[in-house]
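Visitor:
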Amino acid sequence: MPQAKSVWELVEGEIRKPGTVHITVFALLIGVGAVAGTFGSIAIPLGYGVTGFWPGVAVQAVGGIWFGMWGVLAGGLFPFISNSLAGAPLYVSVAYFPSNFIQGFLPAWVFRALKLDPSLKSSRDWIHFIWSAVIVNNFLGAFWAVTALQWFGLITVASVPLFFSGWVIGNGIPSLVFGAILLKALSPLVVRHRAFCKGWWA
Amino acid sequence: MKRTLLGYLPLESPVHSFHPIVKTFFLLIVSVYPLLIDSPDWNLVGIFVLLIIFYLSRIDVSILRFYTTIMLNIFWIIFIAYTFFGGYSPDYHVVGRLGPIIVSWENIAWAFSVYCRMFWGILIIIYFLSVSRERDIILGLRWLRLPYVISYTAGLALRSIGLSIIDFNTIREAEKARALDMGELPLTHKIKKFGLYIVPLMSLALRRTDEVSNALDARGFSFAGWRDSRRTEYMLSKYEVRLRDLLVIALMVFMLLALLYLKLTTAVLSTSNSLVLGVLARALGVS
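In order, the protein sequences belong to chains H and G. At position 185 of the first sequence the residue is numbered 185 (the numbering used here), and the sequence of numbers has no breaks. At position 52 of the second sequence the residue is numbered 254 (the numbering used here), and the sequence of numbers has no breaks.
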């Protein structure tokens with residue numbers, strides 16, 4: 001069988017369509033993310049679901065890279081569960097949805113647009129992983145989150161740096177450490193799995 | 203006892219007699235109430251009423267002790283954020299000074315109001331999780347006639363949480379069997395060890411993906427067929443919407459509309475006439 005130049009390209013004759021496997025992986029990612037997210041939110045809570053250490057962001061970034069929009073949507077939805085279990089009101093979880101969405105969407109888009117290897121084999125893969133899945137996605141997520149918290153009157157302008165830095169650091173470190181471990185360890189297995197999305201939905 | 207999302211609910215609880223859709227509406231509608239109320243007086247009334255509902259629903263209130271640390275953390279974060287980082291205006295009433303930091307009554311009042319609002323919001327979530335089962339959420343979605351794929355996926359997601367927790371505990375037990383004593387490790391090592399559970403959790407989730415999707419395919423489910431809303435609603439047929447379900451839903455909606463009206467047209471829900479804040483101000487010596 002002819003080999004594709006990258007994991008993102010369809011080989012000749014390959015047809016991919018959304019199916020039951022994608023619905024299933026979407027649902028199961030929510031479960032894994034909820035467990036990972038709940039642990040972090042309880043371990044070092046800062047308030048309003050913001051935590052000094054949140055492993056759930058690794059599931060968001062990696063889920064988006066591997067499973068496209070299924071992973072991105074799962075990453076946006078499982079925090080509803082983990083935040084609720086950690087004691088954040090529902091409206092706070094709703095307000096955080098755009099943050100959680102972008103934290104999964106940006107690395108998913110970058111990896112597909114630049115045809116990066118999810119196994120992080122080259123320095124190019126690492127560089128783009130770090131800026132898209134560790135730094136910029138969490139900066140954007142934090143920016144929206146503190147804005148939402150201000151809208152609800154839950155934080156003041158003067159306390160924005162505290163929550164912003166808590167979000168960025170609390171997400172950035174797990175995303176770097178656990179995201180890299182997940183991609184290095186499981187990508188060779190996942191890219192051969194039928195749930196792996198070369199496009200956005202299949 | 204019936205297993206709920208957060209614990210167990212006695213069979214004698216009157217909550218079981220309500221249609222699952224009531225619980226869904228409770229989460230969606232009552233969660234908005236704290237958002238509309240600034241006055242700590244009314245938020246405290248809401249907290250008191252909800253605690254009475256906890257008691258009437260026969261929920262074991264000891265479940266709240268698991269949230270004690272979270273509630274205290276949130277209290278300190280709000281207190282510190284508003285008191286020391288709340289900003290200052292010359293017309294504020296100064297309560298004290300800590301070096302260059304001015305502690306003013308207005309910031310303390312706002313911190314107290316925000317905390318009361320958060321406390322009520324958190325109690326609402328705890329109540330919903332204490333009385334709801336996965337089936338209730340799925341039935342609520344089905345009753346709303348959402349596509350089958352959405353309710354099925356929601357049910358699978360909720361069930362997978364329990365499966366992931368079982369896997370998580372299995373991995374922990376395996377590490378204990380290998381003489382790993384988490385209690386002796388420093389915090390950074392504990393965090394690292396817990397985080398490395400994600401790799402086996404994801405592996406197990408991938409394997410389960412194959413099993414579940416193969417089972418669905420073997421039963422003839424197809425992606426297109428999931429959009430068909432004319433399925434036989436066996437589980438839903440076991441529940442009947444009764445007058446009291448409609449009355450409770452109507453009451454919740456009425457309360458929401460009333461709060462919206464008061465919020466938009468009056469100052470009843472604002473902090474300006476709060477009795478509790480008045481008492482607090484006098485206690486701090488603020489005129």
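Cβ atoms here follow ideal geometry from the backbone N, Cα and C, with glycine treated the same way. Quantities reported herein were computed from a predicted structural model and do not represent experimental measurements.
1. Just by C-beta distance, which residues in the stretch 157-170 of chain H are closer than 7 Å to chain G?
2. So if I threshold CB-CB distances at 9 Å, which residues from the stretch 337-360 of chain G count as touching chain H?
3. Start and end of the alpha helix (DSSP H) containing residue 102 of chain H?
4. Are the beta-carbon atoms of residue 78 of chain H and residue 56 of chain H separated by less than 8 Å?
5. Could you work out which residue in G/452, G/446, G/304, G/362 is closest to residue 408 of chain G when comparing CA atoms only?
6. Which first and last residues belong to the alpha helix (DSSP H) in which residue 306 of chain G is found?
7. Does any CB atom of chain H fall closer than 8 Å to the CB of residue 235 of chain G?
8. DSSP three-state call for residue 443 of chain G: helix, strand or coil?
9. Using 8 Å as the threshold, is the C-beta distance between residue 144 of chain H and residue 98 of chain H below it?
10. Could you give the DSSP three-state label for residue 297 of chain G: helix, strand or coil?
11. Return the chain-ordered list of same chain residues with a C-beta closer than 7 Å to the C-beta of residue 224 of chain G, the five sequence neighbours on each side being excluded.
12. Rounding to the nearest angstrom, what Cα-Cα distance links residue 205 of chain H and residue 146 of chain H in this structure?
13. Enumerate in chain order the residues of its own chain whose CB-to-CB distance from residue 110 of chain H is below 6 Å, with the five nearest sequence positions on each side excluded.
14. For the stretch 82-114 of chain H, list every residue whose C-beta sits within 8 Å of some C-beta in chain G, in sequence order.
15. DSSP three-state label for residue 183 of chain H, please.
16. Quick check: the stretch 477-484 of chain G against the stretch 255-266 of chain G, are there 3 or more CB pairs under 8 Å?
17. With 8 Å set as the bound, which would you pick, yes or no: does the beta-carbon of residue 283 of chain G sit closer than that to a beta-carbon of chain H?
18. Could you check whether the stretch 285-300 of chain G touches the stretch 165-174 of chain H, counting it as contact only if at least three pairs of C-beta atoms, one from each stretch, sit closer than 8 Å?
19. How would you write the range of the alpha helix (DSSP H) that residue 251 of chain G sits in, first residue to last?
20. Give the secondary structure of residue 461 of chain G by DSSP, where H, G and I count as helix, E and B as strand, and everything else as coil.
21. Measure the alpha-carbon distance for residue 1 of chain H versus residue 10 of chain H and round it to whole angstroms.
22. Residue 321 of chain G: which of G/417, G/469, G/244, G/400 sits nearest, CA to CA?
23. Would the beta-carbon of residue 227 of chain G fall within 8 Å of that of residue 454 of chain G?
24. Using C-beta distances below 6 Å, list every residue in its chain close to residue 197 of chain H, excluding the 5 sequence neighbours before and after it, in chain order.
25. Just verifying my parser: in three-state terms, what is the DSSP assignment at residue 378 of chain G?
26. What is the DSSP secondary structure of residue 350 of chain G, reduced to helix, strand or coil?
27. Which one of H/15, H/135, H/86 has the shortest CA to CA distance from residue 38 of chain H?
28. Please return the same chain residues whose Cβ sits closer than 6 Å to the Cβ of residue 233 of chain G, not counting the five positions on each side in sequence.
29. Could you list which residues in chain C have their beta carbon closer than 7 Å to that of residue 411 of chain G, in chain order?
30. Would you report the Cα separation of residue 316 of chain G and residue 260 of chain G, rounded to the nearest angstrom?
31. Expressed to the nearest angstrom, what Euclidean distance is found between the alpha-carbon atoms of residue 253 of chain G and residue 349 of chain G?
32. To which residues does DSSP link residue 399 of chain G through a beta bridge?
33. Let me know the secondary structure DSSP gives residue 204 of chain G once reduced to three states.
Guide: So, from the data block:
1. Going along the stretch 157-170 of chain H in chain order, one finds 157, 158, 159, 162 with a Cβ nearer than 7 Å to chain G.
2. 351, 354, 355, 356, 357, 358, 359, 360
3. 90-113
4. Taking a C-beta distance under 8 Å as the contact criterion, residue 78 of chain H and residue 56 of chain H qualify as a contact pair.
5. G/362
6. First-last for residue 306 of chain G: 303-306, but that is the beta strand (DSSP E), not the alpha helix (DSSP H).
7. no
8. Per DSSP, reduced to three states, the secondary structure at residue 443 of chain G is coil, with no helix or strand assignment.
9. yes
10. Note: residue 297 of chain G maps to strand in three-state DSSP.
11. Leaving aside the five residues that flank residue 224 of chain G on each side, the residues in its chain whose CB is nearer than 7 Å to its CB run, in chain order, 447, 450, 451.
12. A question about residue 205 of chain H goes unanswered here, because the residues of chain H that appear run from 1 up to 202.
13. Setting aside the 5 residues that flank it on each side, residue 110 of chain H is surrounded in the same chain by 128, 132, each with a C-beta closer than 6 Å to its C-beta; the list follows chain order.
14. 84, 85, 86, 87, 88, 89, 90, 91, 92
15. helix
16. no
17. yes
18. no
19. 242-258
20. helix
21. Because the pLDDT at residue 1 of chain H is just 49, under 50, the model does not fix this residue reliably, and the point stays unresolved.
22. G/244
23. yes
24. 67, 68
25. For residue 378 of chain G, the secondary structure class from DSSP, reduced to helix, strand or coil, is helix.
26. The answer is helix: DSSP assigns residue 350 of chain G an H, G or I state.
27. H/86
28. Take residue 233 of chain G, set aside five residues on each side of it, and the residues of its chain with a beta-carbon closer than 6 Å to its own are 326, in chain order.
29. Any reference to chain C falls outside this structure, whose protein chains are H and G.
30. 29 Å
31. 35 Å
32. According to DSSP, which records beta bridges pairwise, residue 399 of chain G is partnered with nothing at all.
33. strand
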